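One gets my numbering by counting positions in the first sequence from 1 and adding 263 to each.
These notes concern the structure reproduced below.
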Amino acid sequence: MRLSSMLLPTLRESPADAEVVSHKLMVRAGLIRKVAAGIYNLLPLGLRVIQKVEGIVREEMNRAGAQEVLMPFVLPAELWRESGRWDVYGKELLRFKDRHGRDFCLGPTHEEGITDMVRGEVRSYRDLPVNLYQIQTKFRDEIRPRFGLMRGREFMMKDAYSFHATDESAEEEYQNMFDTYSRIFKRCGLAFCAVEAETGPIGGSFSHEFMVLADTGEDAIVNCSKCDYAANVERAEIKGPEGKPLRKEKQEPLKKVSTPGMKSVEEVSSFLKVEPSRLIKTLIYETDKGIVAALVRGDFEINEAKLRRMLAVEFVRLAEEETIEKITGAPMGFAGPVGLGIEIAADFSVKDMENGVTGANEADAHLTSVNPERDFKALYGDIRTAVEGDPCPRCSSPLKLRRGIEVGHIFKLGTKYSESMGATFLDEKGKERPMIMGCYGIGIGRTAAAAIEQNHDENGIIWPIPLAPFDCEILPVNVNDPETLKTAESLYVSLGEKGMEVLLDDRDERAGVKFKDADLIGIPVRVTVSSRTLEEGSVEVKQRRAADKRLVKVGDAAGEVERLLKND
RNA sequence: CGGGGCGUGGCCCAGUCUGGUAGGGCACCGCGUUCGGGACGCGGGGGUCGGAGGUUCAAAUCCUCUCGCCCCGACCA
Numbered sequence: 264m265r266l267s268s269m270l271l272p273t274l275r276e277s278p279a280d281a282e283v284v285s286h287k288l289m290v291r292a293g294l295i296r297k298v299a300a301g302i303y304n305l306l307p308l309g310l311r312v313i314q315k316v317e318g319i320v321r322e323e324m325n326r327a328g329a330q331e332v333l334m335p336f337v338l339p340a341e342l343w344r345e346s347g348r349w350d351v352y353g354k355e356l357l358r359f360k361d362r363h364g365r366d367f368c369l370g371p372t373h374e375e376g377i378t379d380m381v382r383g384e385v386r387s388y389r390d391l392p393v394n395l396y397q398i399q400t401k402f403r404d405e406i407r408p409r410f411g412l413m414r415g416r417e418f419m420m421k422d423a424y425s426f427h428a429t430d431e432s433a434e435e436e437y438q439n440m441f442d443t444y445s446r447i448f449k450r451c452g453l454a455f456c457a458v459e460a461e462t463g464p465i466g467g468s469f470s471h472e473f474m475v476l477a478d479t480g481e482d483a484i485v486n487c488s489k490c491d492y493a494a495n496v497e498r499a500e501i502k503g504p505e506g507k508p509l510r511k512e513k514q515e516p517l518k519k520v521s522t523p524g525m526k527s528v529e530e531v532s533s534f535l536k537v538e539p540s541r542l543i544k545t546l547i548y549e550t551d552k553g554i555v556a557a558l559v560r561g562d563f564e565i566n567e568a569k570l571r572r573m574l575a576v577e578f579v580r581l582a583e584e585e586t587i588e589k590i591t592g593a594p595m596g597f598a599g600p601v602g603l604g605i606e607i608a609a610d611f612s613v614k615d616m617e618n619g620v621t622g623a624n625e626a627d628a629h630l631t632s633v634n635p636e637r638d639f640k641a642l643y644g645d646i647r648t649a650v651e652g653d654p655c656p657r658c659s660s661p662l663k664l665r666r667g668i669e670v671g672h673i674f675k676l677g678t679k680y681s682e683s684m685g686a687t688f689l690d691e692k693g694k695e696r697p698m699i700m701g702c703y704g705i706g707i708g709r710t711a712a713a714a715i716e717q718n719h720d721e722n723g724i725i726w727p728i729p730l731a732p733f734d735c736e737i738l739p740v741n742v743n744d745p746e747t748l749k750t751a752e753s754l755y756v757s758l759g760e761k762g763m764e765v766l767l768d769d770r771d772e773r774a775g776v777k778f779k780d781a782d783l784i785g786i787p788v789r790v791t792v793s794s795r796t797l798e799e800g801s802v803e804v805k806q807r808r809a810a811d812k813r814l815v816k817v818g819d820a821a822g823e824v825e826r827l828l829k830n831d
């Protein structure tokens, strides 16, 4: 490709609305342009990168035995009503009506679509298992899109769905996808780790997220400092205390103190001059089985997913202000477990607390010297979010906290969709059973963005070779020098003949401009051609990620470039 | 949805407080010089100052409404 004829608008300055490096560089290097919040044009260079990611994903999925299909982007509401998600998916599902007034939505994920496809075609255990995938545009009307391609509303996703006759088969495929994903992200040149994860609104029984490690990541993950345990903080288990609680302090009598206007943990702890870890935070939740109170030590956070599991309910959400006032008899901010007439779920962290502080269920008052068991009864469980230093659930070594970008997510779904949508098959005995499903997603654009987060310097992008839009760039320093141009052109041909994707910067620009642009767009290998080195029959070869350049005879240049690309 | 901020030529921004007929840098076009790390000179094109309404002799600037974008939060009482 000749740069002179390419739409490659590079920018000297970062756009004002970009926050993270990958977003800034993607715009500056002419890969993307914003059309609306969370919605982007992919320019030629950007599309090439996306296609590289797609290529790797496609190859590995095919190798793993999955088959590519393509479902529509626009889906009828009936499918979503069947699965029950039309009502629960929320505003992220962009809904609209066609000219006849029928309800449709833009697909944010395709469990419904694929289940519908498969139930119509697959009848027998002999047709199972099957794994179908697509690489397609998705739309999720995110509350707050940000960071360029990292969290867009419209984005490219590879989503795969597998159908099985048995649990064992489903788990085998889960492992197969786990291995496939590991290969994909490794081939993309990314440092990543797989962590245990929450299943969220997709549902299902267990899942792993593939996280590219980066400080700018939106997700927090923990991993064990000793063993190989790793999990999303939302998921990470925290073991409860064993045996009888330790009693170190003398239990003081319950006391009511005045705390005018002090609602938050910070306010109460600084007002009463006690550590936040001595407070018991009381949150009132509504669930499908009624209203409950959830307790956690003041310096920890309630984890709603864990709470939902512990209570064995469909949903939990914080109660409205009105409900809180009705239940506690006090304005928001003064709830406490003592004398509260509802079910109380408490985190293990509360169990051993002594002489703690809670709201008094009365305006502007708190209770001190609150002691669990003596002053209130609760059910205990692990319902808080893990923090740095918590013990590993496997080996008890301290957990480390890190940040990551979720680029892939695999789920074992079970029969959630096949049951609600009637995707059944006949087993060997002629008995009708729901298919067991798994689903497996990769964010294509996000993977490209994550690659930049991990591979850049102050001058621009440093593409891992497998994702680079071109393998090599030829940079004739002065295209008005006939000898320089001639050599560049002949190298362009010979590198191309070796099967490399070559970018020739044949623009009549000053050298500095070309060098700056070359660094910005980050092609892995650069060949600089100039009259200066041609005098001795050489050109200069440089890797984008390395500082050193070397002079190579013109005749050896193509081989040298090939060698660098292979050995990197 | 709540809080904050920003909308001025393709991009980055000044001008707004204190109203007086729109400006710089980059990019773009022409000519010349220059030519291995974002050159220089001269000349040039391009702006409903996000939109609507209002105040005023006069509005980018003040007032009202509205749209868009960005950041923080949106569950921790």
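Glycine included, every Cβ here is placed at the ideal spot set by N, Cα and C.
Just so it is clear, the structure is predicted and the values come from calculations on it, not from any experiment.
Assigned with DSSP and collapsed to three states, Arg386 falls in coil, not helix or strand. Note that the region 443-454 touches the region 726-733; at least 3 beta-carbon pairs, one per stretch, sit closer than 8 Å. Counting only runs that start and end inside the region 668-740, the beta strand (DSSP E) elements of at least 3 residues fall at 687-689, 695-697, 699-706, 735-739. Taking one beta carbon from each stretch, the region 591-611 and the region 552-563 have 3 or more pairs nearer than 8 Å; the two touch. The beta carbon of Glu529 sits closer than 8 Å to those of Pro539, all from its chain and outside the five residues before and after it, given in chain order. A distance below 8 Å separates the beta carbons of Ala712 and Gly411. Here Asp610 carries a strand assignment [DSSP, helix/strand/coil]. Collapsing the DSSP output to three states places Gln314 in a helix.
The shortest C-alpha to C-alpha distance from Arg296 to any of Val283, Glu317, Val316, Thr273 is the one to Thr273. When the five nearest sequence neighbours on each side are left out, the beta carbons in the same chain lying within less than 7 Å of the beta carbon of Arg637 are those of Gln514, in order along the chain. Taking C-beta separations shorter than 8 Å and ignoring five residues to either side along the sequence, the partners of Lys640 in its chain run Ile607, following chain order. Judged by beta-carbon spacing, Ile724 lies within the 8 Å limit of Leu783, meaning their Cβ atoms are closer than that value. Looking only at Thr522, Asp734, Tyr703, Arg382, the smallest Cα-Cα distance to Met264 is reached by Asp734. Here DSSP, grouped into helix, strand and coil, assigns Glu549 to strand. Less than 8 Å divides the Cβ of Leu395 from the Cβ of Gln330.
The C-alpha of Ile707 lies about 11 Å from the C-alpha of Glu669. Contact between Met420 and Ile673 fails: their C-beta atoms lie close to 13 Å from each other, not under 8 Å. In summary, Cys490 is exposed, with fewer than 16 beta-carbon neighbours lying within 10 Å of its beta-carbon over all protein chains present. Residue pairing of Ile302 in beta bridges, as defined by DSSP: Ala299. The beta carbon of Val792 lies closer than 6 Å to those of Pro739, Thr747, Thr750, Ala751, Val802 in the same chain, with the five residues before and after it left out. By the Cβ test, the region 303-323 is in contact with the region 441-448, since at least three Cβ pairs between them sit closer than 8 Å. According to the DSSP assignment, Gly561 belongs to no beta strand (DSSP E), since it is labelled neither H nor E. Between the region 420-433 and the region 656-669, the count of Cβ pairs shorter than 8 Å is below three; the stretches do not touch.
When the alpha-carbon of Ala494 is set against those of Phe402, Asp478, Cys456, the nearest one is in Cys456. Fewer than three pairs of CB atoms, one per stretch, sit closer than 8 Å, so the region 570-578 makes no contact with the region 512-527. Shown here for Gly480: same chain residues with a beta carbon closer than 6 Å to its own, the five before and five after excluded, namely Arg666, Gly667, Ile668 in chain order. For Pro594, the CB contacts under 7 Å within the same chain, skipping 5 residues up- and downstream, are Glu588, Ala626 in chain order.
Put simply, the region 612-628 does not touch the region 649-661. Fewer than three CB pairs are less than 8 Å apart. Burial state of Ala809 is exposed, judged by a 10 Å Cβ sphere holding fewer than 16 other Cβ atoms. Within the DSSP bridge table, the entry for Asp366 names Lys360 as partners. His629 is classed as buried because its beta carbon has at least 16 other beta carbons within 10 Å across all chains shown. Collapsing the DSSP output to three states places Gly415 in coil. In this structure Glu512 is exposed. Its beta-carbon is surrounded by fewer than 16 other beta-carbon atoms within 10 angstroms. DSSP places Met616 outside both helix and strand once states are collapsed to three, so it counts as coil. When DSSP states are grouped into helix, strand and coil, Arg498 belongs to the coil group. The DSSP-derived three-state label of Asn743 is coil.
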